[in-house]
Amino acid sequence: MKTIEDLKRLRDKVQAQTNLRHSSGTQVIVGMGTCGIAAGAREVMSALLDEIAKRKIQNVIVRQTGCIGICSKEVLVDVVRPGEPRITYGNVTKSDIPRIVTEHIVNGCIVNDLVIGKITE
Amino acid sequence: MEHVRAHVLICAGTGCVSSGSKKVYAALCEKLTQKGMDKEVKVIETGCHGFCEMGPLLVVYPEGVFYVRVQENDIDDIVEEHLFKGRIVERLLYKEPVSLEKIPNYSDISFYKKQMRMVLANCGHIDPENIHEYIAVGGYEALARALGEMTPESVVDEVKKSGLRGRGGGGFSSGTKWGFTRNAAGDKKYVVCNADEGDPGAFMDRSVLEGDPHRVIEGMAVCGYAIGADEGYIYVRAEYPLAIKRLRIAIQQAEDLGLLGDNIFGSGFNFRIKIKEGAGAFVCGEETALLASIEGRRGMPRPRPPFPAVSGLWGKPTNINNVETFANVPQIITKGADWYSSIGTERSKGTKVFALTGKINHTGLAEVPMGISMREIIYDIGGGIPDGKKFKAVQIGGPSGGCLPEHLLDLPVDYDSLIEVGAMMGSGGLVVMDETTCMVDVAKFFLNFTQSESCGKCTPCREGTKRMLEILTRITDGNGRQGDIALLEDMAKNIKTTALCGLGQTAPNPVLSTIKYFRHEYEAHINDKKCPAGACTKLAVFSITDSCKGCSLCKKACPVAAISGEIKAKHTIDTIKCIKCGACMAKCPFKSIING
């Protein structure tokens with residue numbers, strides 16, 4: 764490291780390592796209740812993580828949640844972009860994940876045919 | 003490569019390691035591998051969170067859920083429930099002692115609410131063995147800024163303007179000290195970090211070194227630039243193996259990145275740091291003794307002047323500061339002196355880390371702004387006194403400090419206010435005492451410590467502390483004489499004014515402050531041969547009251563058969579046979595055995 768710019772570049776690069784602990788980026792929430800797990804939530808989660816890694820997307824927080832009651836539509840995946848309503852996708856399978864990631868998480872376009880609900884907070 | 007979706011931070015500070023965090027770490031890694039989640043969940047060992055009482059501590063991100071007292075067998079639940087399904091494991095959350103409310107989030111816990119964690123900001127939040135994590139939170143920007151945008155003089159001025167005072171105890175203006183060393187004549191100068199933390203009950207320096215070693219290294223490098231030194235020493239006691247290990251890793255990593263070494267940031271400034279392990283003598287915390295020890299001589303102080311700023315290590319101008327002082331420096335450079343001096347009181351700026359120990363619910367480290375009251379520290383942050391006992395006093399500043407009684411609890415804590423009431427900031431150790439603590443015994447304890455640690459070079463300290471200890475011992479043994487209190491006060495005054503170094507000059511403080519605020523306890527020991535707190539065993543007289551039901555549990559507990567009596571009839575104690583061990587008192591279910 765020879766200059767202050769080197770330090771700033773390194774800082775920007777390594778911030779990705781710790782962002783998770785204080786960032787407020789897009790949140791993706793996978794329904795991990797018993798119903799969700801039975802419907803394949805774990806597979807969906809793994810596919811989601813792979814897709815995010817493949818596209819090297821920063822500032823995405825992947826979380827889980829429990830059953831919210833609409834078990835027939837599991838697996839449920841919610842996407843919350845900062846300042847936008849919370850979009851719930853239903854009957855999600857791992858093959859839907861690339862679309863949700865590229866269209867919604869990256870580009871901000873809701874994948875309409877998979878949406879089952881919208882919550883404005 | 004997989005996306006890491008969760009971080010689990012396990013405290014690997016000395017406190018949590020001793021309560022089993024290493025086993026928890028191993029169990030967690032094993033379980034994650036077994037579940038195939040080891041790539042998506044990252045486990046990080048951090049430094050101390052300060053809440054040592056509740057260790058081992060574990061924090062799960064992104065939620066930021068704070069788990070306390072986590073043991074190996076809790077790992078299954080944390081992995082299966084929280085990390086797999088996203089359900090918080092409620093039984094492992096911290097419970098507020100008063101409201102019994104379970105609190106999942108770190109910042110909502112009363113222990114942390116009133117704190118202002120600046121020096122400890124990264125402790126527990128970053129991996130101290132990975133320089134990248136320090137850089138990610140803005141590390142080494144102060145050094146970059148100092149070297150790139152500031153002259154050495156302006157760095158000294160900035161530190162002076164910030165109002166930072168030495169955190170090791172003396173409270174001397176750090177900027178002024180830097181200025182002295184900068185202006186001293188000499189071709190070679192040194193920066194020395196005093197990490198010889200030796201007060202009983204103080205462990206803040208250890209935690210900073212273990213949890214955020216780069217902050218201290220950065221502070222030292224900035225100091226080196228400001229005073230014109232190219233070499234630094236960290237004098238750290240060998241009893242702190244983890245701190246030493248992490249410092250070595252940190253220094254190596256900083257060298258690898260060119261943040262220590264030659265021509266740092268292309269500025270032409272060179273700086274290297276060496277570690278000197280001390281053998282753990284208390285007197286080596288005194289600066290001239292410390293320097294002697296680094297030079298390989300016996301750790302003994304010498305008269306000052308000349309001060310180390312003029313003639314220090316190997317006769318060269320040397321700036322010595324404590325760990326916490328250096329740890330304050332980076333933020334002063336990055337955020338500015340005006341920001342720093344806006345925190346605290348008129349003459350004491352910034353924050354102070356206190357180590358809470360003794361009879362207090364939340365043993366641990368608390369960083370608070372200067373000027374906060376002792377009551378807030380002990381009750382709001384420390385959670386008060388355990389077992390419903392009554393507060394008696396708090397010893398502040400370790401063996402060099404003094405005690406504060408109940409009526410001084412609302413005093414705003416800063417360097418000057420404490421000196422006015424006969425205590426001192428010291429390094430910030432707080433030992434809390436409840437009604438069962440005998441104040442004469444406390445004074446004896448601290449004097450015993452300083453007496454054993456006295457290096458023996460000067461007579462007032464070597465002989466004086468020994469004689470004072472003899473008097474205190476005879477008082478607690480029930481052989482106190484009339485005039486002993488006056489004699490103690492007289493000797494204390496002489497030692498304070500004639501001892502060679504800080505150790506001797508402050509050694510009588512615990513005696514003086516306990517006499518000042520608890521003279522009646524001394525008098526009770528001397529005149530009535532009684533210990534009001536019931537702590538001095540040689541003065542104890544156990545007896546059984548009429549509420550005795552004759553259950554005979556005490557009789558069975560007595561190791562010397564001093565208790566007699568028939569079943570269902572009142573028992574009696576033979577005070578001549580009694581060895582005053584207190585076993586009977588502990589056993590009695592009806593509290594019928596009293597002392598006095």
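For the record, the sequence lines run as chains G and V. Quick note on our numbering: the first sequence kicks off at 764 and runs consecutively. Quick note on our numbering: the second sequence kicks off at 3 and runs consecutively. Beta carbons: idealized from backbone N, C-alpha and C, even for Gly.
Practice task
Specify the secondary structure class of residue 185 (chain V) as computed by DSSP and reduced to three states.
Solution key: Along the second sequence, one-based indexing puts residue 185 (chain V) at 183. The three-state secondary structure of residue 185 (chain V), taken from DSSP, is helix.
Handout entry: residue 466 (chain V) in three-state terms, based on DSSP
Key = Along the second sequence, read from residue 1 onward, the residue named residue 466 (chain V) stands at position 464. Under the three-state reduction of DSSP output, residue 466 (chain V) falls in the helix class.
Practice task
With a 10 Å radius around its C-beta and 16 neighbouring C-beta atoms as the bar for buried, classify residue 180 (chain V) as buried or exposed.
Solution key: Against the second sequence, residue 180 (chain V) aligns to sequence position 178. So residue 180 (chain V) ends up on the buried side.
Problem - Cβ pair residue 253 (chain V), residue 219 (chain V) closer than 8 Å - result: Mapped onto the second sequence, residue 253 (chain V) falls at position 251. Mapped onto the second sequence, residue 219 (chain V) falls at position 217. Yes, the pair counts as a contact, with Cβ atoms nearer than the cut-off.
Problem - Selection of the segment 771–784 of chain G by Cβ proximity to chain V, strictly under 7 Å - result: Sequence-ordered contacts of the segment 771–784 of chain G with chain V read 773, 774, 777, 778, 780, 781, 783 and 784 [C-beta pairs closer than 7 Å].
Exercise for the section: May I ask you to verify whether the segment 62–76 of chain V touches the segment 144–152 of chain V, counting CB pairs closer than 8 Å and requiring at least 3? Expected result: These segments do not touch.
Problem - For residue 382 (chain V), the first and last residue of its enclosing beta strand (DSSP E) - result: By 1-based counting over the second sequence, the position of residue 382 (chain V) is 380. For residue 382 (chain V), there is no enclosing beta strand (DSSP E), as DSSP marks it with neither H nor E.
Exercise for the section: Quick one: which residues of the segment 49–65 of chain V get their C-beta closer than 8 Å to a C-beta of chain G? List them in chain order. Expected result: Interface annotation for the segment 49–65 of chain V against chain G: 63, 64 and 65, criterion Cβ-Cβ distance under 8 Å.
Handout entry: Those residues which DSSP pairs with residue 850 (chain G) across a bridge
Key = Along the first sequence, one-based indexing puts residue 850 (chain G) at 87. According to DSSP, which records beta bridges pairwise, residue 850 (chain G) is partnered with G:842 and G:881.
Exercise for the section: With residue 397 (chain V) as the anchor, note down where its alpha helix (DSSP H) starts and where it stops. Expected result: To locate residue 397 (chain V), count along the second sequence from 1; it is residue 395. Looking at the DSSP string, residue 397 (chain V) is not in any alpha helix (DSSP H); the run it does join, the beta strand (DSSP E), is 393–398.
Problem - Neighbourhood of residue 289 (chain V) by C-beta distance below 6 Å, restricted to the same chain and skipping five residues each side - result: Along the second sequence, read from residue 1 onward, the residue named residue 289 (chain V) stands at position 287. Here the set comprises 310 and 322.
Practice task
Look at the alpha carbon of residue 29 (chain V) and the alpha carbon of residue 436 (chain V), and state the distance between them as a whole number of angstroms.
Solution key: Reading the second sequence from its first residue, position 27 is the one you call residue 29 (chain V). Reading the second sequence from its first residue, position 434 is the one you call residue 436 (chain V). Each residue's alpha carbon lies about 39 Å from the other.
Exercise for the section: Helix, strand or coil for residue 73 (chain V), going by three-state DSSP, please let me know. Expected result: Working through the second sequence from its first residue, we reach residue 73 (chain V) at position 71. The answer is coil: DSSP assigns residue 73 (chain V) none of H, G, I, E or B.
Exercise for the section: Please say whether residue 240 (chain V) and residue 279 (chain V) have beta carbons closer to each other than 8 Å? Expected result: Within the second sequence, numbered from 1, the residue matching residue 279 (chain V) stands at position 277. Within the second sequence, numbered from 1, the residue matching residue 240 (chain V) stands at position 238. The Cβ-Cβ distance between residue 279 (chain V) and residue 240 (chain V) falls below 8 Å.
Problem - 9 Å Cβ cut-off: residues of chain V touching residue 829 (chain G) - result: Taking the first sequence and counting its residues from 1, one reaches residue 829 (chain G) at position 66. Ordered by position in chain V, the residues that pass the 9 Å Cβ test against residue 829 (chain G) are 87, 88 and 89.
Exercise for the section: Would you give the residue range spanned by the alpha helix (DSSP H) that residue 216 (chain V) belongs to? Expected result: Within the second sequence, the letter at position 214 stands for residue 216 (chain V). 215–229 is the span of the alpha helix (DSSP H), which, as asked, contains residue 216 (chain V).
Handout entry: CA-to-CA distance, residue 460 (chain V) to residue 513 (chain V), given in whole angstroms
Key = Here the question's residue 513 (chain V) lines up with position 511 in the second sequence. Here the question's residue 460 (chain V) lines up with position 458 in the second sequence. Cα-Cα distance, rounded: 20 Å.
Handout entry: Short-range partners of chain G found in the segment 323–354 of chain V, where Cβ spacing is below 8 Å
Key = Of all residues in the segment 323–354 of chain V, none has a Cβ within less than 8 Å of some Cβ in chain G.
Practice task
Could you pull out every unbroken beta strand (DSSP E) segment of at least 3 residues lying fully inside the segment 394–431 of chain V, listed in chain order?
Solution key: Those beta strand (DSSP E) runs which fall completely within the segment 394–431 of chain V and span 3+ residues are 404–407.
Exercise for the section: May I ask which residues mark the beginning and end of the alpha helix (DSSP H) holding residue 521 (chain V)? Expected result: Residue mapping note: residue 521 (chain V) aligns to position 519 of the second sequence, counting from 1. Here the alpha helix (DSSP H) through residue 521 (chain V) covers 511–529.
Handout entry: Neighbour flag for residue 859 (chain G) against chain V, beta carbons, 8 Å
Key = For the purposes of this step, residue 859 (chain G) is taken as the residue at position 96 of the first sequence. By this cut-off, residue 859 (chain G) is not an interface position.
Handout entry: Per-residue DSSP class, three states only, for residue 157 (chain V)
Key = The sequence position of residue 157 (chain V) within the second sequence is 155, counting from 1. In this structure, residue 157 (chain V) counts as helix in the three-state DSSP scheme.
Practice task
Please list, in chain order, all residues of the same chain as residue 176 (chain V) whose beta carbon is under 7 Å from its beta carbon, the five residues on each side excluded.
Solution key: What you label residue 176 (chain V) is simply residue 174 of the second sequence in a count that begins at 1. Once the five neighbours on either side are set aside, the close Cβ partners of residue 176 (chain V) are 161, 166, 167, 168, 323 and 327.
Handout entry: Three-state secondary structure (DSSP) of residue 479 (chain V)
Key = Translated into positions along the second sequence, residue 479 (chain V) becomes position 477. Residue 479 (chain V) falls in the coil class under three-state DSSP.
Exercise for the section: State the DSSP-derived secondary structure class of residue 800 (chain G), mapped to helix, strand or coil. Expected result: Taking the first residue of the first sequence as position 1, residue 800 (chain G) is located at position 37. Here residue 800 (chain G) sits in helix by DSSP.
Problem - Residue closest to residue 2 (chain V), alpha-carbon to alpha-carbon, out of V:473, V:573 and V:480 - result: Residue numbering for chain V in the displayed model covers 3 to 598; residue 2 (chain V) lies beyond these limits and cannot be assessed.
Handout entry: Reduced DSSP category for residue 306 (chain V) - H, G, I as helix; E, B as strand; rest coil
Key = Along the second sequence, read from residue 1 onward, the residue named residue 306 (chain V) stands at position 304. DSSP, reduced to helix, strand and coil, places residue 306 (chain V) outside both helices and strands of the structure shown, so it counts as coil.
Handout entry: Delimiting residues of the beta strand (DSSP E) encompassing residue 195 (chain V)
Key = Along the second sequence, read from residue 1 onward, the residue named residue 195 (chain V) stands at position 193. That run of the beta strand (DSSP E) goes 192–197.
Problem - Distance between residue 397 (chain V) and residue 97 (chain V) (C-alpha atoms, nearest Å) - result: The residue you call residue 97 (chain V) lines up with position 95 of the second sequence. The residue you call residue 397 (chain V) lines up with position 395 of the second sequence. Distance between the alpha carbons of residue 97 (chain V) and residue 397 (chain V) is about 28 Å.
Exercise for the section: Measure the alpha-carbon distance for residue 84 (chain V) versus residue 806 (chain G) and round it to whole angstroms. Expected result: Position 82 of the second sequence, counted from the first residue, corresponds to residue 84 (chain V). Position 43 of the first sequence, counted from the first residue, corresponds to residue 806 (chain G). Between the alpha carbons of residue 84 (chain V) and residue 806 (chain G) lies a distance of about 17 Å.
Problem - Interface residues of chain B facing residue 259 (chain V) [CB-CB closer than 7 Å] - result: Of the protein chains in the structure, G and V, none is chain B.
Problem - Inter-residue Cα distance where the pair is residue 573 (chain V) and residue 536 (chain V) - result: Indexing the second sequence from 1 puts residue 573 (chain V) at position 571. Indexing the second sequence from 1 puts residue 536 (chain V) at position 534. For residue 573 (chain V) and residue 536 (chain V), the distance between alpha carbons rounds to 21 Å.
Exercise for the section: Kindly list the residues whose CB is nearer than 6 Å to the CB of residue 542 (chain V), restricted to its own chain and excluding five residues on each side of it in sequence; keep chain order. Expected result: Taking the first residue of the second sequence as 1, we reach residue 542 (chain V) at position 540. 582 and 597, listed in sequence order.
Practice task
Using three-state DSSP, classify residue 365 (chain V) as helix, strand or coil.
Solution key: As a working mapping, residue 365 (chain V) is identified with position 363 in the second sequence. Residue 365 (chain V): coil per DSSP, three-state reduction.
Exercise for the section: Can you grab the Cα-Cα spacing for the pair residue 576 (chain V) / residue 546 (chain V), in whole Å? Expected result: Working through the second sequence from its first residue, we reach residue 576 (chain V) at position 574. Working through the second sequence from its first residue, we reach residue 546 (chain V) at position 544. Whole-angstrom Cα-Cα distance: 11 Å.
Handout entry: Supposed contact pair residue 505 (chain V) and residue 456 (chain V) - C-beta distance, whole angstroms, cut 8 Å
Key = On the second sequence, position 454 is the one that residue 456 (chain V) refers to. On the second sequence, position 503 is the one that residue 505 (chain V) refers to. Under the criterion of beta carbons closer than 8 Å, residue 456 (chain V) and residue 505 (chain V) qualify as touching, at roughly 7 Å.
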